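> Note that UniProt numbering gives residue 101 to position 101 of the sequence shown, counting from 1, and the numbers run on in steps of one. Quick reminder that beta carbons are idealized off the backbone N, C-alpha and C, glycines included. A quick note: this is a predicted structure, and the numbers were derived from the prediction, not measured. Below: one structure in structure tokens.
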Amino acid sequence: MRDGLYKNLPENTHQLISGKLLISLTRVSDGKNVLVSNFKSKEEVVQALLCSSFVPIYCGLIPPSFRGVRYVDGGISDNLPQYDSKNTITISPFSGECDICPKGNSANFHEMNVTNTSIQFSLGNMYRLTQALFPPEPKVLGELCEQGYSDALRFLRENGILQDSIFIDMALTREGQEEHTETQNLLIEKLLQQVSSKKMCKTKKCLLTS
């Protein structure tokens with residue numbers, strides 16, 4: 001993972017994301033959640049991301065460190081941190097009450113709160129957890145990305161943030177795959193411009209990641 005981050009992140013990553021992206025960490029010494037948003041170098045960004053994705057035992061026994069302090073996955077202490085005085089769009093890969101998440105069974109009333117995140121107790125979510133721990137083949141991963149994209153579009157439309165005129169069906173087809181990807185990237189750019197120019201009035205909610 002470290003090699004991939006160094007290879008794909010630009011050298012000025014710390015300058016691009018400081019004050020804009022918050023990385024959620026869990027401090028090993030006291031189990032407290034820590035949000036980091038200012039970085040002095042690309043190395044600090046990489047170390048923070050390594051800490052934020054470290055699941056004890058599953059990833060190893062000795063947690064990585066950030067600025068001399070050992071941290072693990074931020075989701076262990078708070079899976080859905082909310083930044084002070086900011087609206088937050090809550091996102092989850094599991095069916096539940098988050099703004100953007102897979103649709104669950106409406107007849108399923110069994111939910112549990114896991115480190116500040118409401119998750120339906122269902123076979124679908126159990127399967128998603130298995131996929132998170134043991135990633136499937138690339139084709140299935142691509143389908144999961146498409147589902148997340150569709151869930152985000154649905155939320156934007158339901159809250160009046162997305163103009164109907166730029167909504168298109170994102171169903172994948174084997175023919176014209178390159179053209180489809182290019183169209184999707186252009187649509188994402190339009191969505192980001194549109195969302196950034198509007199106020200989130202109906203949601204209590206801003207984007208954070210752990």
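Leaving out the 5 sequence neighbours to the left and right, which residues in its chain are closer than 7 Å to His14 when beta-carbon positions are compared?
In the sequence shown, counting from the first residue as 1, residue 14 sits at position 14. Contacts found: Phe39, Lys40, Ser41, Lys42, Glu44, Val45.
> Might you give, ordered along the chain, the residues of its own chain that have their beta carbon closer than 8 Å to the beta carbon of Phe94, omitting 5 neighbours on each side?
For the purposes of this step, residue 94 is taken as residue 94 along the sequence shown, with counting starting at 1. Once the five neighbours on either side are set aside, the close Cβ partners of Phe94 are Cys101, Pro102, Thr117, Ile119, Gln120, Asn125, Arg128, Leu129.
> Under 8 Å Cβ to Cβ from Leu64, same chain only, skipping five residues before and after it: list those, please.
By 1-based counting over the sequence shown, the position of residue 64 is 64. Note on residue identity: the sequence assigns Pro, not Leu, to residue 64. These residues qualify, in order along the chain: Gln47, Leu50, Cys51, Phe54, Arg70, Tyr71.
> If you drop the 5 nearest sequence neighbours on each side, which residues of the same chain put their C-beta closer than 7 Å to that of Arg27?
Here residue 27 is taken as the residue at index 27 of the sequence shown, counted from 1. The answer, listed in chain order, is Val34, Val69, Tyr71.
> Would you say Leu25 and Gly74 are within 9 Å of each other, going by their C-beta atoms?
Translated into positions along the sequence shown, residue 25 becomes position 25. Translated into positions along the sequence shown, residue 74 becomes position 74. The answer is yes: Cβ separation under 9 Å.
> Does DSSP classify Asn12 as helix, strand or coil?
Along the sequence shown, one-based indexing puts residue 12 at 12. Residue state, collapsed to three classes: coil.
> Please state if the CB of Ser37 and the CB of Leu16 are separated by a distance shorter than 9 Å.
Within the sequence shown, residue 16 is the residue found at index 16, counting from 1. Within the sequence shown, residue 37 is the residue found at index 37, counting from 1. No, they are not a contact pair.
> If Ser77 sits next to Gly104, beta carbons under 8 Å apart, how far is it from one beta carbon to the other, in whole angstroms?
Here residue 77 corresponds to residue number 77 of the sequence shown, with the count starting at 1. Here residue 104 corresponds to residue number 104 of the sequence shown, with the count starting at 1. 25 Å between Cβ atoms; not a contact.
> Just list the residues that DSSP pairs Asn33 with in beta bridges.
In the sequence shown, the residue the question calls residue 33 occupies position 33. Bridge partners of Asn33: Thr26.
> What are the boundary residues of the beta strand (DSSP E) that includes Tyr71?
Within the sequence shown, numbered from 1, the residue matching residue 71 stands at position 71. Taken as a continuous stretch (DSSP letters only), the beta strand (DSSP E) holding Tyr71 covers 69-73.
> Using the three-state DSSP reduction, which class does Phe66 fall into: helix, strand or coil?
Counting from one through the sequence shown, the residue named residue 66 turns up at place 66. Of the three classes helix, strand and coil, the one that applies to Phe66 here is strand, per DSSP.
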